[in-house]
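This report concerns only the one structure given below.
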DNA sequence: TGCTCCTGCTGAAACGTTTCAGCAAGGCAG
DNA sequence: CTGCCTTGCTGAAACGTTTCAGCAGGAGCA
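Chains as they are written, first to last, in this note's numbering: chain A, 19 to 363; chain B, 19 to 363.
Below, the structure is given as structure tokens:
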């Protein structure tokens, strides 16, 4: 008859009482610091098990000085590129003794700000924003917090703010050169610049610059290119883009900015009765896992998840914030690109 | 010269001092409860902005009675089924004023236990475990915590423990009947029972029972079936399964337990020079987003993400734990299934 | 024996909020 | 003018840990 609320969470004091030791000793056992004898440890462990004690995260973190928590924000977990990247970062973080708190923005700048806000309240030790919808407001939030931060393709680094610059330009150049060397002269470039924000602009700019540079550098003059802007980041938009573009005119190669869009492009081409790569070649960006399993396997520009996650952790934990980190890209030539058809009727 | 640590996080007391009000008032403004005049609110807001104050999550939650936090554990975010489900649950949770803490197990029972442990430390208001590797230990952990919990396809519900039973049996029966009605008599059933745990067993059992029941109920006697166990949940395993199985003998239809595996099956069949569905029909489970974009579009058993997420929230927040909830499945016939080939040479 | 060092433990302060009883002041009915 | 209600604010207790100075007691050494 010691009190009758059986569902109350036992606290550290209850454990201490049952084990016949003090509060501080239990804490020492829990955290494996301080000096404790094996006998005491055993008694405490028994008491913990008997009571079903579980440490309270909030009290624990409140009392601690610092957190081993990293925040990671991505656009959308449905996109395999982000899912794969998130997993890679999580693994790298764990390897270095950090926990990861993962949030998605669904391509909404407002959700991005809310996510940053929440993560900052959680007193994260570092923040990685790997989305394309970061704008000046969200960057300012991160900057003013003083928390080590890394953005993808966003602005100038400074103070606590690092930036990872994906060499999209180089990747794009490689992709275009690959197509040109295969004889292609009619190129359709499919992009999605719907949520126009700083970072997205920059990211597009790089790709477009790579595209333009490759075309400029190319000796052939009879090059015909068209850029098509699609209204979303999904496969549906890619499919419609192809349907629309090919209605007017015939291309022999399509370049997309993500594998997911390429998935739609595949479907669009197939429904037009065009085969890949006999009639039309397709190149993409991301090298998501499924791209290898498409029919035909998709030629795509790889962004190394391992390198990316290592850069993220380096940026956040090196103690030297404000870095500009560069990430190489490499074109993976698979089976979706081939010689320009002899008779592109 | 008031102290020289500029990077120290401002606390609620600093805000109160700057705004010329008391601690409690600032808290009232922050939480929009209690009575405050517009003038005071404005002063407090200014002070917050000036100082760049941000609430400390841990102190806040420690002082609060309860959390509006739900824990969601899935197997692997790389699998689109889980990514889509997680997103659906997150949206439903948000709609009901809950935040979601998302964790992945990577198919490891140990990681599952660690995840449950962490979530319980965070004092979650409910726990949903949507993975196939839940075992009796993890179920016991959840049960003993007293937190409203829902598992997918795991054991008998009771006390705080609810269970969602996906009608895999029905879905499988529909898939098999569909194939049989198309004339197929040589069926390859591809499953992955690698991490054999209670829930996985149950889940397999259901599917296998559905398979067996459909075959038993079927009048045709010349039915030939084979079950192949693959060593992993990925597309690679699916591809190898086809390569292995078709080496020995020819099937006219393949049934897989997930779309991801079907992706590998597609590739395997294509590399064998077999076309879908002319030579071989394929049916799968999950209806992930990409399955619609495959060539040909994949016939698959749909598990409604909306229904699933609503069930999850109902189980966790209805105040009536210990429920057994059933989730219907529906076969989506697309283009990967067709008449059995006239001459399956 | 006296001194120092080490080990294992204790007890209280600190972490930054929320919550709530209580109080001052003003308005209003009688 | 009195009594009572309402509004807007205050101040302190509580939340459940971690951390750390300090203390008792035993060992080692001269």
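Note that the Cβ used here is the ideal one computed from N, Cα and C, for glycine as well.
Residue range of the beta strand (DSSP E) that includes residue 242 of chain B: Mapped onto the second chain, residue 242 of chain B falls at position 224. Where residue 242 of chain B is concerned, the enclosing beta strand (DSSP E) stretches over 242-247.
Chain A residues whose Cβ lies nearer than 7 Å to that of residue 101 of chain B: In the second chain, the residue the question calls residue 101 of chain B occupies position 83. Simply 95, 96 and 101.
Nearest-angstrom beta carbon gap, residue 79 of chain B and residue 71 of chain A [assumed within contact, 8 Å]: Working through the first chain from its first residue, we reach residue 71 of chain A at position 53. Working through the second chain from its first residue, we reach residue 79 of chain B at position 61. Contact check for residue 71 of chain A and residue 79 of chain B: beta-carbon distance about 19 Å, past the 8 Å limit, so the pair fails to qualify.
CA-to-CA distance, residue 32 of chain B to residue 178 of chain A, given in whole angstroms: The residue labelled residue 178 of chain A in the question sits at position 160 within the first chain. The residue labelled residue 32 of chain B in the question sits at position 14 within the second chain. In this structure, the CA atom of residue 178 of chain A is about 24 Å from the CA atom of residue 32 of chain B.
Cβ neighbours of residue 328 of chain B in the same chain (closer than 7 Å, five flanking residues each side left out): Here the question's residue 328 of chain B lines up with position 310 in the second chain. Answer for residue 328 of chain B: 110, listed in chain order.
Residues sharing a beta bridge with residue 183 of chain A, DSSP: In the first chain, residue 183 of chain A corresponds to position 165, counting from 1. Residue pairing by DSSP puts residue 183 of chain A in a beta bridge opposite A:344.
Spatial neighbours of residue 185 of chain B in its chain, beta-carbon cut-off 6 Å, leaving aside the 5 residues before and after: The residue given as residue 185 of chain B occupies position 167 in the second chain. Answer for residue 185 of chain B: 346 and 347, listed in chain order.
Alpha-carbon spacing of residue 306 of chain B relative to residue 123 of chain A, whole angstroms: Taking the second chain and counting its residues from 1, the one referred to as residue 306 of chain B is at position 288. Taking the first chain and counting its residues from 1, the one referred to as residue 123 of chain A is at position 105. When only Cα atoms are considered, residue 306 of chain B and residue 123 of chain A end up about 21 Å apart.
Beta-carbon neighbours of residue 38 of chain B, restricted to chain A and to distances below 7 Å: Translated into the one-based positions of the second chain, residue 38 of chain B becomes position 20. Within 7 Å Cβ-Cβ: nothing; residue 38 of chain B doesn't reach chain A, min ~24 Å.
CB of residue 195 of chain B within 8 Å of CB of residue 251 of chain B, strictly: As a working mapping, residue 195 of chain B is identified with position 177 in the second chain. As a working mapping, residue 251 of chain B is identified with position 233 in the second chain. Contact annotation: residue 195 of chain B and residue 251 of chain B have beta-carbon atoms that are not nearer than 8 Å.
Coarse secondary structure for residue 142 of chain A, derived from DSSP in three states: Residue numbering aside, residue 142 of chain A sits at position 124 when the first chain is read from its first letter. Coil at residue 142 of chain A, not helix or strand.
Helix, strand or coil at residue 76 of chain B according to DSSP, with G and I counted as helix: By 1-based counting over the second chain, the position of residue 76 of chain B is 58. DSSP, read as helix, strand or coil, puts residue 76 of chain B in helix.
Inter-stretch contact (C-beta, 8 Å, three-pair minimum) for the segment 247-261 of chain A and the segment 222-234 of chain A: Flag = no, the segment 247-261 of chain A and the segment 222-234 of chain A do not touch.
Counterpart residues of residue 204 of chain B in DSSP-defined beta bridges: The residue you call residue 204 of chain B lines up with position 186 of the second chain. Per DSSP, B:242.
For residue 121 of chain A, the three-state DSSP class (helix, strand or coil): As a position in the first chain, residue 121 of chain A is number 103, starting the count at 1. Of the three classes helix, strand and coil, the one that applies to residue 121 of chain A here is strand, per DSSP.
Limits of the alpha helix (DSSP H) - the one that residue 297 of chain A falls within: For the purposes of this step, residue 297 of chain A is identified with residue 279 of the first chain, where counting begins at 1. No alpha helix (DSSP H) holds residue 297 of chain A; DSSP gives it neither H nor E.
Among A:138, A:190, A:51 and A:193, the one whose alpha carbon lies nearest that of residue 167 of chain A: Locating residue 167 of chain A in the first chain gives position 149, where the first residue counts as 1. For residue 167 of chain A, the nearest C-alpha among the options comes from A:138.
Selection from A:171, A:172, A:183 and A:134 that minimises the alpha carbon distance to residue 162 of chain A: Position 144 of the first chain, counting from 1, holds the residue named residue 162 of chain A. Minimum Cα distance to residue 162 of chain A is reached at A:134.
Inter-residue CB distance, residue 193 of chain B and residue 319 of chain B (contact presumed, cutoff 8 Å): For this step, residue 193 of chain B is matched to residue 175 along the second chain. For this step, residue 319 of chain B is matched to residue 301 along the second chain. Residue 193 of chain B to residue 319 of chain B, Cβ: 6 Å. Contact.
Which listed residue (A:205, A:73 and A:312) has its alpha carbon closest to that of residue 358 of chain A: Looking up residue 358 of chain A in the first chain gives position 340. The shortest C-alpha to C-alpha distance from residue 358 of chain A to any of A:205, A:73 and A:312 is the one to A:205.
Identified DSSP bridge partners for residue 68 of chain B: The residue labelled residue 68 of chain B in the question sits at position 50 within the second chain. DSSP output for residue 68 of chain B lists no bridge partner at all.
Rounded straight-line distance, which links the Cα of residue 29 of chain A to that of residue 22 of chain A: On the first chain, residue 22 of chain A is found 4 positions in, with the first residue counted as 1. On the first chain, residue 29 of chain A is found 11 positions in, with the first residue counted as 1. In this predicted model, residue 22 of chain A has a pLDDT of only 39, less than 50, meaning its place in the structure is not dependable; the value taken from the coordinates is given anyway. The alpha-carbon atoms of residue 22 of chain A and residue 29 of chain A are separated by roughly 16 Å.
For residue 271 of chain A: DSSP bridge partner residues: Taking the first residue of the first chain as 1, we reach residue 271 of chain A at position 253. According to DSSP, residue 271 of chain A bridges with A:205 and A:299.
Where residue 202 of chain A meets chain B, residues with beta-carbon distance less than 8 Å: On the first chain, position 184 is the one that residue 202 of chain A refers to. At a beta-carbon threshold of 8 Å, none of the residues of chain B lie near residue 202 of chain A; the nearest stands roughly 22 Å away.
Spatial neighbours of residue 236 of chain B in its chain, beta-carbon cut-off 7 Å, leaving aside the 5 residues before and after: By 1-based counting over the second chain, the position of residue 236 of chain B is 218. Correct list, in chain order: 198.
CB contact check: residue 69 of chain A to chain B, cutoff 8 Å: One-based indexing of the first chain puts residue 69 of chain A at position 51. With 8 Å as the cut-off, residue 69 of chain A does not count as an interface residue toward chain B.
Own chain residues within Cβ distance below 8 Å of residue 39 of chain B, not counting five before or after: Looking up residue 39 of chain B in the second chain gives position 21. For residue 39 of chain B, same chain residues with a beta-carbon under 8 Å away, outside a window of 5 residues either side, are 58, 61 and 62 in chain order.
Beta-carbon spacing of residue 224 of chain B, residue 191 of chain B below 8 Å: What you label residue 224 of chain B is simply residue 206 of the second chain in a count that begins at 1. What you label residue 191 of chain B is simply residue 173 of the second chain in a count that begins at 1. In this structure, residue 224 of chain B sits away from residue 191 of chain B, with a CB-CB distance that is not shorter than 8 Å.
Amino acids of chain B, ordered along the chain, whose beta-carbon sits closer than 7 Å to that of residue 120 of chain A: Reading the first chain from its first residue, position 102 is the one you call residue 120 of chain A. By Cβ distance, chain B contributes 120.
Short CB-CB distance (under 8 Å) between residue 74 of chain B and chain A: Here residue 74 of chain B refers to the residue found at position 56 of the second chain. With 8 Å as the cut-off, residue 74 of chain B counts as an interface residue toward chain A.
Buried or exposed (CB count within 10 angstroms, at least 16 for buried), residue 112 of chain A: As a working note, residue 112 of chain A is residue 94 in the first chain. Residue 112 of chain A comes out exposed.
Contact with chain B by residue 141 of chain A, beta-carbon distance below 8 Å: Reading the first chain from its first residue, position 123 is the one you call residue 141 of chain A. Yes, residue 141 of chain A lies at the interface with chain B (some Cβ there is under 8 Å from its Cβ).
Same chain, Cβ closer than 6 Å to residue 189 of chain B, five either side skipped, listed in chain order: As a position in the second chain, residue 189 of chain B is number 171, starting the count at 1. Correct list, in chain order: 319 and 347.
Burial state of residue 74 of chain A (16 or more Cβ within 10 Å): Position 56 of the first chain, counted from the first residue, corresponds to residue 74 of chain A. It is buried - the Cβ of residue 74 of chain A has at least 16 other Cβ atoms within 10 Å.
Chain A contact for residue 284 of chain B (CB, 8 Å cutoff): In the second chain, residue 284 of chain B corresponds to position 266, counting from 1. At a cut-off of 8 Å, the C-beta of residue 284 of chain B has a neighbouring C-beta in chain A.
Sequence-distant residues of the same chain with beta carbon closer than 6 Å to residue 170 of chain A, five excluded per side: Position 152 of the first chain, counted from the first residue, corresponds to residue 170 of chain A. If we look at residue 170 of chain A and ignore the five residues flanking it on each side, its Cβ neighbours are 148 and 182.
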